[in-house]
Amino acid sequence: MAEEEEVAARTEKVIRIQRVFINLLDSYSSRNIGKFLSNSVVGASLEEITEEEEEHGEDKSAVPEASSANLKEGTFQIVGTLSTLETPCPSFAVETYYAISREDLLMHLLECDVIIYNITENPQQVEEAIWAVSALNEEISHFEKRKVFILVSTVMTWARSKPLDPDDSEIPFTEEDYRRRKHHPNFLDHINAEKTVLKFGKKVRKFATYVVAAGLQYGMEGGILHAFFKLAWSGEVPALPVFGDGTNVIPAIHVLDLAGVIQNVIDHVPKFRYLVAVDEAVHTLEDFVKCISKSTGPGKIHKVPKENAFLTKDLTQEDIDHLLVNLRMETLFVKENFNIRWFAQAGFVENINSILKEYKQSRRLLPIKICILGPPAVGKSSIAEVLSKYYKLHHIKLKDVISEAIAKLEAIITPKDVGEGGEEEGEEEEEEENVEDAQELLDGIKESAEQDAGRLEDEYIIRFIKEKLKSMPCKNQGYILDGFPKTYDQAKDLFNQEEEEEEARGKMFPFDKLIIPEFVCSLDASDEFLKERVMNLPESIVAGTHYSQGQFLRALSNYRDVNTEDETVLNYFDELEIHPIHIDVGRLEDAQNRLAIRQLIREIGEPRNYGLTDEEKAEEERRAAEEQLAKEAMEEAERQHKEAAETAEKIARWEAWSKRLEEVKREEKELLEAQSLPLRNYLMTHVMPTLMQGLNECCKIRPDDPVDFLAEYLFKNNPEMQ
Numbered sequence: 001m002a003e004e005e006e007v008a009a010r011t012e013k014v015i016r017i018q019r020v021f022i023n024l025l026d027s028y029s030s031r032n033i034g035k036f037l038s039n040s041v042v043g044a045s046l047e048e049i050t051e052e053e054e055e056h057g058e059d060k061s062a063v064p065e066a067s068s069a070n071l072k073e074g075t076f077q078i079v080g081t082l083s084t085l086e087t088p089c090p091s092f093a094v095e096t097y098y099a100i101s102r103e104d105l106l107m108h109l110l111e112c113d114v115i116i117y118n119i120t121e122n123p124q125q126v127e128e129a130i131w132a133v134s135a136l137n138e139e140i141s142h143f144e145k146r147k148v149f150i151l152v153s154t155v156m157t158w159a160r161s162k163p164l165d166p167d168d169s170e171i172p173f174t175e176e177d178y179r180r181r182k183h184h185p186n187f188l189d190h191i192n193a194e195k196t197v198l199k200f201g202k203k204v205r206k207f208a209t210y211v212v213a214a215g216l217q218y219g220m221e222g223g224i225l226h227a228f229f230k231l232a233w234s235g236e237v238p239a240l241p242v243f244g245d246g247t248n249v250i251p252a253i254h255v256l257d258l259a260g261v262i263q264n265v266i267d268h269v270p271k272f273r274y275l276v277a278v279d280e281a282v283h284t285l286e287d288f289v290k291c292i293s294k295s296t297g298p299g300k301i302h303k304v305p306k307e308n309a310f311l312t313k314d315l316t317q318e319d320i321d322h323l324l325v326n327l328r329m330e331t332l333f334v335k336e337n338f339n340i341r342w343f344a345q346a347g348f349v350e351n352i353n354s355i356l357k358e359y360k361q362s363r364r365l366l367p368i369k370i371c372i373l374g375p376p377a378v379g380k381s382s383i384a385e386v387l388s389k390y391y392k393l394h395h396i397k398l399k400d401v402i403s404e405a406i407a408k409l410e411a412i413i414t415p416k417d418v419g420e421g422g423e424e425e426g427e428e429e430e431e432e433e434n435v436e437d438a439q440e441l442l443d444g445i446k447e448s449a450e451q452d453a454g455r456l457e458d459e460y461i462i463r464f465i466k467e468k469l470k471s472m473p474c475k476n477q478g479y480i481l482d483g484f485p486k487t488y489d490q491a492k493d494l495f496n497q498e499e500e501e502e503e504a505r506g507k508m509f510p511f512d513k514l515i516i517p518e519f520v521c522s523l524d525a526s527d528e529f530l531k532e533r534v535m536n537l538p539e540s541i542v543a544g545t546h547y548s549q550g551q552f553l554r555a556l557s558n559y560r561d562v563n564t565e566d567e568t569v570l571n572y573f574d575e576l577e578i579h580p581i582h583i584d585v586g587r588l589e590d591a592q593n594r595l596a597i598r599q600l601i602r603e604i605g606e607p608r609n610y611g612l613t614d615e616e617k618a619e620e621e622r623r624a625a626e627e628q629l630a631k632e633a634m635e636e637a638e639r640q641h642k643e644a645a646e647t648a649e650k651i652a653r654w655e656a657w658s659k660r661l662e663e664v665k666r667e668e669k670e671l672l673e674a675q676s677l678p679l680r681n682y683l684m685t686h687v688m689p690t691l692m693q694g695l696n697e698c699c700k701i702r703p704d705d706p707v708d709f710l711a712e713y714l715f716k717n718n719p720e721m722q
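Residue numbers (UniProt numbering): 1 to 722.
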């Protein structure tokens with residue numbers, strides 16, 4: 001007993017945080033493997049799993065988020081590279097590197113106990129993986145303790161392997177057959193990397209190398225199957241495509257089960273160095289696509305030529321190769337020697353509910369369910385229309401739902417044309433349409449409408465609304481329920497749980513979580529405000545609606561009667577602790593309801609979808625470009641107008657200055673003339689007569705020195721001296 005305690009104590013001292021390097025931590029597979037290991041205790045997989053843990057493990061659907069600032073002692077410490085500088089450092093990683101030199105990268109690898117190179121997603125990483133294992137092998141003499149190198153490869157290196165038995169092609173390959181494997185033409189580099197990794201570490205205890213050939217990875221964000229999930233969730237097509245006949249068997253594994261296999265390799269350090277990681281299921285491509293279509297899409301599949309796969313923009317060449325492979329594999333060594341807490345051991349189809357939950361949570365594709373209530377003419381439909389476009393939700397109007405339900409019933413009753421295709425396939429186990437039930441329901445609807453002047457009983461309305469809320473589009477994206485339910489009883493009948501699938505919690509009656517709204521908006525305004533709004537509506541809008549004076553006043557009166565202070569439909573939601581958002585539209589004084597919409601968006605939060613589609617992005621870019629051009633044109637016109645105004649102002653100032661200058665010159669000339677007038681008179685009287693005579697005499701005589709002659713003449717003929 002003492003010896004066992006000593007061994008346990010020694011083992012506890014040995015087991016400490018192990019530093020694990022993983023390449024491309026921002027990729028789908030590596031990110032989930034890193035997150036899984038960051039929450040796993042070193043050596044935990046050495047302990048056998050109890051039955052209680054197996055039962056508890058069946059409920060697991062996600063790995064909790066780890067924080068580098070709160071690492072538990074004994075867990076794996078994750079470091080790794082990133083593909084782009086813009087990618088934020090994953091919260092579970094203690095260090096990340098981007099675009100570093102091979103010398104620096106080798107230095108970081110030597111600091112790690114475990115090196116994991118994942119080459120299942122990025123073919124460009126194959127060459128780096130070969131370099132890494134080769135460089136580490138050259139540094140073995142400097143290793144202070146054993147290092148483990150794990151190459152996460154793909155079963156595509158087995159894609160062209162010949163059957164074990166020519167007469168029985170259904171016999172699966174196992175790890176022991178790895179020497180007989182034949183690769184797919186597009187995965188030559190991958191099999192060369194596998195051979196290189198297996199070559200090293202054969203006889204050296206300080207360097208253990210392993211290859212884990214993983215099947216098609218699914219779970220969490222979806223992996224390769226994300227293209228089908230996205231197509232199904234968006235509801236863009238009536239049927240999901242199956243490339244080819246769909247009978248090819250695809251080996252697959254949940255990405256977290258792959259992480260569990262890697263954890264066991266690290267803990268066990270087995271002697272067998274080539275492992276296959278696949279689940280127990282034997283699923284064909286058709287099985288995968290049909291399951292996705294039924295669980296989150298239109299429920300139908302459509303078989304198309306294999307070449308059509310290349311038209312799917314979300315699928316790469318490597319993705320298509322994985323989807324079209326036909327290979328049966330079984331992982332005997334993993335099942336017999338490892339202790340794995342499986343997430344999806346039975347395969348994709350058997351675990352679709354938890355996989356679908358993971359997908360929606362990982363992608364943040366949670367539905368937004370809104371109910372907008374209020375009196376007539378308060379603006380419910382206009383606000384709901386804007387919100388439905390902003391959040392990409394389904395706008396549910398009572399009239400449209402009833403018309404759609406009746407049209408569907410009539411389509412069931414109407415005989416279908418035979419022989420128009422047969423390309424689309426639904427689920428074989430799906431219930432056949434019951435023509436008699438449809439006819440009986442349609443007769444009941446017509447009878448109810450005839451007895452109440454075209455209005456249907458609540459029984460039919462609630463049935464149709466509930467069917468609409470439970471439809472796949474509403475379950476995926478969500479809805480905005482416009483103006484219904486109107487009474488407490490209608491709300492109770494609509495949202496209460498039909499079957500006792502869950503027990504009521506305390507005094508709270510059971511409700512259907514699938515369809516209950518997450519947000520309830522109560523719009524209100526005074527009767528005077530509503531009457532004035534309706535009176536100001538254009539005749540073109542009022543015509544053919546319930547906004548005519550008599551109908552509107554009757555509808556408003558009915559609304560006030562069934563929504564008193566003591567009893568209102570809002571009480572139902574308050575009892576469920578879904579407290580309504582109250583908005584007094586009359587006080588906002590906003591005819592376009594912009595303030596109310598802004599307040600609701602602030603309360604509801606950001607959209608929960610894939611964002612803009614390519615077409616919407618192109619439209620947004622086109623609109624932005626047009627706005628930019630219009631802005632630039634406006635700025636140019638404003639600049640030209642400003643320049644023209646400045647030029648005109650300069651010309652006006654120049655003309656005014658020139659005019660003023662002319663005036664100044666004229667005034668100066670007049671002043672000069674006025675000042676010179678006495679002097680002129682003096683010259684004309686006393687100087688000019690004598691001077692003129694002298695000049696004339698000078699001209700007659702023409703002396704050699706005219707100036708001296710003129711001076712002498714003036715002196716002799718000066719009148720004052722005579």
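Every residue, glycine too, gets a C-beta built ideally from N, C-alpha and C.
Check	Outcome
Environment of A69 [buried if 16+ CB atoms lie within 10 Å]	Confidence in A69 is poor, its pLDDT being 39 and thus under 50, which makes the residue's placement unreliable; the coordinate value appears in the next sentence. Exposed, by the Cβ-count rule.
Coarse secondary structure for Y218, derived from DSSP in three states	strand
Neighbourhood of M634 by C-beta, 6 Å cutoff - its chain only, sequence neighbours within 5 removed	none
Span separating the alpha-carbon of T81 from that of I140	23 Å
Proximity test, N308 beta-carbon vs the ligand SAM heavy atom, cut-off 7 Å	No copy of the ligand SAM appears in this structure; indeed no ligand is present at all.
Per-residue DSSP class, three states only, for H395	strand
Nearest to T174 (by Cα), restricted to the options K162, T331, C699, A648	T331
Runs of beta strand (DSSP E) lying entirely within the segment 256-291, each at least 3 residues, in chain order	274-277
Buried versus exposed, by CB contacts within 10 Å (16 or more), D26	buried
Collapsed DSSP secondary structure at L46 in the structure displayed	helix
Cβ-based neighbour list, L442, same chain, cut-off 8 Å, excluding 5 preceding and 5 following	I406, L409, E410, I413
Three-way DSSP call (helix, strand, coil) for E95 in this model	strand
Proximity winner among K531, K230, L691, V20, relative to C112 (alpha-carbon distances)	V20
C-alpha gap between R505 and V289, whole angstroms	Summary for R505: the model assigns pLDDT 42, below 50, so the residue's position carries little reliability; its value from the coordinates is reported in the next sentence. Looking at the two C-alpha atoms, the distance is approximately 38 Å.
First through last residue of the alpha helix (DSSP H) which encompasses Y117	Unbroken run through Y117 is the beta strand (DSSP E), 114-118; no alpha helix (DSSP H).
Same chain, Cβ closer than 6 Å to G235, five either side skipped, listed in chain order	P473
Rounded C-alpha distance that separates E528 from P90	57 Å
C-alpha gap between D314 and L164, whole angstroms	35 Å
In DSSP terms, what S153 is bridged to	A213
Extent of the continuous beta strand (DSSP E) run through D482	478-482
Whole alpha helix (DSSP H) elements within the segment 639-716, 4-residue minimum	688-701, 706-716
Alpha-carbon to alpha-carbon, E467 and A591	34 Å
Coarse secondary structure for S362, derived from DSSP in three states	helix
Validate contact between the segment 488-497 and the segment 455-463 using beta carbons, cut 8 Å, 3 pairs	yes
Opposing strand residues paired with R19 [DSSP bridges]	Q77
Cβ-based burial, P678 [other Cβ within 10 Å; buried from 16]	exposed
Of the residues L323, L373, H395, the one placed nearest A525, counting alpha carbons only	L373
Same chain only: Cβ atoms within 7 Å of A132, ignoring 5 sequence neighbours per side	L109, I115, Y117
Limits of the unbroken alpha helix (DSSP H) element including S522	That residue, S522, is in no alpha helix (DSSP H); its beta strand (DSSP E) goes 519-524.
Residue range of the unbroken alpha helix (DSSP H) whose run includes F511	Note, F511: premise wrong, no alpha helix (DSSP H); not H, not E.
Same chain, Cβ closer than 6 Å to N186, neighbours up to 5 away in sequence not counted	D321
First through last residue of the beta strand (DSSP E) which encompasses residue 733	Residue 733 cannot be examined here, being either before or after the span of the chain that is shown, 1 to 722.
V242 - containing beta strand (DSSP E), residue span	240-243
Buried versus exposed call for W158 [16 or more other C-beta atoms within 10 Å across all chains shown]	buried
Touching by the beta-carbon criterion (3+ pairs, under 8 Å), the segment 390-402 and the segment 326-344	no
At least three beta-carbon pairs within less than 8 Å, the segment 118-130 to the segment 26-40	yes
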